[in-house]
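Chemist:
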Amino acid sequence: MAQQRILLLDDDEQMLDLYQELLKQLPSKPEVHVSSSGARAIALLESEPFTLLITDLRMPKMDGLQVLAIVRRKFPHLRIVVLTGVLDEEYRSRAYAQGVELFWQKPGTSEEVKLFQDCIESLLDREIHNEGGFRGMQSKSLVDLIQLECLSRSSSVLHVTQGALNGKIWVQNGEITDAITGQFTGEEAFKEILSWKSGNFEILPADPQHARTITNSYQGLLLDSAQALDEWRGQQSDAGKSGETVAPGAAPSSLSALTRFEGVEFVLTIPPDEKTPGESWALENTRQITAWARATQRRLVKLGEELEAGALAQVSGFGLQRHWALAHDTQKGLLCVGFRRSLPADKVEQTMKHVFTKWVS
Amino acid sequence: MGFLTKFNKEPKPELKRLPSGTFTIDAGCRVVSSTVPSWVPDGQVRDIGQQVLAIFEGARHANLQFSELVVQYAAFKITARAMRGGAIIFLSPRAMQSIIAP
Numbered sequence: 002m003a004q005q006r007i008l009l010l011d012d013d014e015q016m017l018d019l020y021q022e023l024l025k026q027l028p029s030k031p032e033v034h035v036s037s038s039g040a041r042a043i044a045l046l047e048s049e050p051f052t053l054l055i056t057d058l059r060m061p062k063m064d065g066l067q068v069l070a071i072v073r074r075k076f077p078h079l080r081i082v083v084l085t086g087v088l089d090e091e092y093r094s095r096a097y098a099q100g101v102e103l104f105w106q107k108p109g110t111s112e113e114v115k116l117f118q119d120c121i122e123s124l125l126d127r128e129i130h131n132e133g134g135f136r137g138m139q140s141k142s143l144v145d146l147i148q149l150e151c152l153s154r155s156s157s158v159l160h161v162t163q164g165a166l167n168g169k170i171w172v173q174n175g176e177i178t179d180a181i182t183g184q185f186t187g188e189e190a191f192k193e194i195l196s197w198k199s200g201n202f203e204i205l206p207a208d209p210q211h212a213r214t215i216t217n218s219y220q221g222l223l224l225d226s227a228q229a230l231d232e233w234r235g236q237q238s239d240a241g242k243s244g245e246t247v248a249p250g251a252a253p254s255s256l257s258a259l260t261r262f263e264g265v266e267f268v269l270t271i272p273p274d275e276k277t278p279g280e281s282w283a284l285e286n287t288r289q290i291t292a293w294a295r296a297t298q299r300r301l302v303k304l305g306e307e308l309e310a311g312a313l314a315q316v317s318g319f320g321l322q323r324h325w326a327l328a329h330d331t332q333k334g335l336l337c338v339g340f341r342r343s344l345p346a347d348k349v350e351q352t353m354k355h356v357f358t359k360w361v362s
Numbered sequence: 555m556g557f558l559t560k561f562n563k564e565p566k567p568e569l570k571r572l573p574s575g576t577f578t579i580d581a582g583c584r585v586v587s588s589t590v591p592s593w594v595p596d597g598q599v600r601d602i603g604q605q606v607l608a609i610f611e612g613a614r615h616a617n618l619q620f621s622e623l624v625v626q627y628a629a630f631k632i633t634a635r636a637m638r639g640g641a642i643i644f645l646s647p648r649a650m651q652s653i654i655a656p
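Here the protein sequences line up with chains E and A, keeping their order.
If you're matching positions, the first sequence starts at 2 in the numbering used here and goes up one per residue.
If you're matching positions, the second sequence starts at 555 in the numbering used here and goes up one per residue.
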């Protein structure tokens with residue numbers, strides 16, 4: 002089994018020595034490297050693979066939030082833990098928004114030190130056993146977890162995230178009672194959440210007062226979801242084999258799935274490479290909007306970096322004629338979607354998340 | 555356990571805060587009124603205003619008319635409404651609740 006590698010970032014050399022010793026005592030015996038500056042830490046991450054980055058927030062020159070922004074962009078799969086004396090809720094929120102696994106106050110007692118060591122060991126252990134799928138409180142697939150919760154007749158709320166999408170599944174005494182994600186609720190939402198290929202989940206306390214909308218048994222629900230997924234995969238595979246001819250005026254095959262969402266009026270995809278043409282559906286002034294979308298993205302990414310506001314998630318506009326939204330994926334480029342003006346703002350935002358997730362998957 | 559005293563010590567440089575509040579700018583990108591705290595540099599407020607106006611202007615040229623712009627970062631939200639060539643801009647750091655709530 003490969004040795005786990007931890008990179009520890011703090012501007013205080015004494016703290017580095019201390020934590021290095023604490024981490025070396027972990028049962029998994031990780032290899033611990035240290036850095037006293039953000040720039041050196043990023044250089045180290047670029048030159049060698051690491052399992053985990055543990056970083057302080059308050060540091061001179063490049064602070065922890067700046068490091069987080071850069072690291073999250075360059076190494077999206079690296080696990081990150083913040084270890085800091087800063088107890089401000091705003092920074093905690095911003096760190097979590099950058100996708101950190103844990104936000105730890107620097108331990109002050111021997112019990113807290115032990116707890117910190119246990120948490121890091123647990124994270125490393127999860128990394129060893131992680132075979133893709135869902136990352137969450139436990140290293141299990143979502144279906145496994147639902148089955149476990151139901152078989153043990155537990156009561157809980159599963160909070161599931163995939164990229165920008167959020168979903169919740171209510172379990173009461175081993176029965177699935179409700180689910181919600183975006184515009185979907187009940188069984189529809191449950192099936193939608195189960196169709197997500199990967200993501201994170203956490204178990205929240207039970208909510209017995211929550212109204213029940215699902216009456217189907219959990220076995221029936223899991224079976225229906227699996228069948229729906231199989232059918233969808235079958236259709237995708239058949240379409241791929243037949244070459245799927247596109248009717249005149251219809252969306253190009255790669256966009257057709259995106260045009261089926263409620264309220265979508267136009268779709269424009271803009272690849273990262275400026276020489277490669279994008280694809281569009283139901284849009285006339287493609288060239289001008291492409292140039293404007295690229296410029297807008299560049300402006301807002303730069304502004305976000307200056308403000309240390311975290312990654313740019315979504316941009317949307319609301320007008321009398323129609324609404325639109327713009328989102329970016331590092332590999333696929335920009336997605337610009339137009340919506341009917343009658344669609345409320347929160348629906349535009351939610352639908353865009355669904356369209357975007359469909360596009361990147 | 556004397557070494558534990560090392561965990562809580564030394565003053566460190568302050569982390570940068572995200573601006574909050576509302577301001578209006580005219581078509582020349584001059585700040586007309588503002589409730590943004592005084593610790594936020596004027597240049598930063600103007601920069602946000604400039605970017606917003608440039609986006610509205612670019613969209614007009616691309617024939618994409620809209621009057622409200624919402625920019626969502628992982629930890630920050632900018633909402634801007636076009637007003638006679640200028641704009642009113644709302645800056646709001648996002649709270650933890652809104653990040654995790656579905």
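We put the beta carbon where it would ideally sit given N, CA and C, even for glycine.
Do you know how far the Cα of Ala-292/E is from the Cα of His-615/A?
Modeler: 10 Å
Chemist: Give every residue of the same chain whose Cβ lies closer than 8 Å to the Cβ of Val-599/A, excluding the five residues on either side of it in the sequence, and list them in chain order.
Modeler: Pro-573, Phe-577, Val-585, Ser-588, Val-590
Chemist: Beta carbon of Glu-186/E, beta carbon of Thr-162/E: below 8 Å?
Modeler: Checking the sequence shown, residue 186/E turns out to be Thr, not Glu. Against a cut-off of 8 Å, the Cβ pair of Thr-162/E and Thr-186/E comes out as no contact.
Chemist: Could you check whether Leu-53/E and Val-35/E sit closer than 8 Å to each other, using their CB atoms as the reference points?
Modeler: no
Chemist: Under a CB-based cut-off of 8 Å, is Tyr-92/E close to chain A?
Modeler: By this cut-off, Tyr-92/E is an interface position.
Chemist: Which residues in chain E sit within 7 Å of Val-625/A, going by Cβ to Cβ distance?
Modeler: What Val-625/A touches in chain E: Leu-301, Val-316.
Chemist: Could you say which of Pro-31/E, Gln-184/E, Gln-15/E, Thr-270/E lies nearest to Arg-288/E if we only look at CA atoms?
Modeler: Out of Pro-31/E, Gln-184/E, Gln-15/E, Thr-270/E, Thr-270/E has the C-alpha closest to the C-alpha of Arg-288/E.
Chemist: So is Ile-290/E in contact with chain A if we call contact Cβ pairs under 8 Å?
Modeler: yes
Chemist: Put Trp-293/E into one of helix, strand or coil per three-state DSSP.
Modeler: helix
Chemist: With DSSP as the reference, please indicate the residues paired to Val-338/E in a beta bridge.
Modeler: Val-268/E, Ala-326/E
Chemist: Do Lys-75/E and the ligand PLP come close, with the Cβ less than 7 Å from some heavy atom?
Modeler: Within the structure as shown, the ligand PLP is missing, as the structure has no ligands at all.
Chemist: Can you tell me whether Ser-153/E is buried or exposed? The criterion is at least 16 other CB atoms within 10 Å of its CB, across all chains shown.
Modeler: exposed
Chemist: Work out the CA separation of Gln-4/E and Leu-24/E for me, nearest whole Å.
Modeler: 13 Å
Chemist: Determine, using beta carbons only, whether Ala-641/A comes closer than 8 Å to chain E.
Modeler: no
Chemist: Provide the residue span of the beta strand (DSSP E) that contains Phe-610/A, from first to last.
Modeler: In the DSSP assignment, Phe-610/A falls outside any beta strand (DSSP E) and lies within the alpha helix (DSSP H) extending over 596–615.
Chemist: Using C-beta distances below 6 Å, list every residue in its chain close to Leu-166/E, excluding the 5 sequence neighbours before and after it, in chain order.
Modeler: Lys-354, Thr-358
Chemist: Would you mind listing the beta strand (DSSP E) stretches within the segment 144–196 of chain E that are 3+ residues and don't spill past its ends, in chain order?
Modeler: 157–163, 166–173, 176–182
Chemist: Check this for me: beta carbons of Ile-204/E and Ser-157/E, under 8 Å apart or not?
Modeler: Taking 8 Å as the Cβ cut-off, Ile-204/E and Ser-157/E qualify as a contacting pair.
Chemist: Report the rounded CA-to-CA distance for Thr-246/E versus Leu-256/E, giving the unit in angstroms.
Modeler: Any answer about Thr-246/E is weak, because its pLDDT of 36 lies below 50 and its placement is not dependable; what the coordinates show is given next. Each residue's Cα considered, the two are about 13 Å apart.
Chemist: Thinking C-beta only, is Leu-125/E closer than 8 Å to Pro-278/E?
Modeler: no
Chemist: Quick check: the Cα distance between Ile-181/E and Ala-190/E, rounded to an integer number of angstroms?
Modeler: 5 Å
Chemist: Going by DSSP in three states, Ile-121/E sits in which element: helix, strand or coil?
Modeler: Note: Ile-121/E maps to helix in three-state DSSP.
Chemist: Quick one: Cα of Ala-665/A to Cα of Gln-220/E, how far?
Modeler: There is simply no residue 665/A to check, as chain A begins at 555 and stops at 656 in what is shown.
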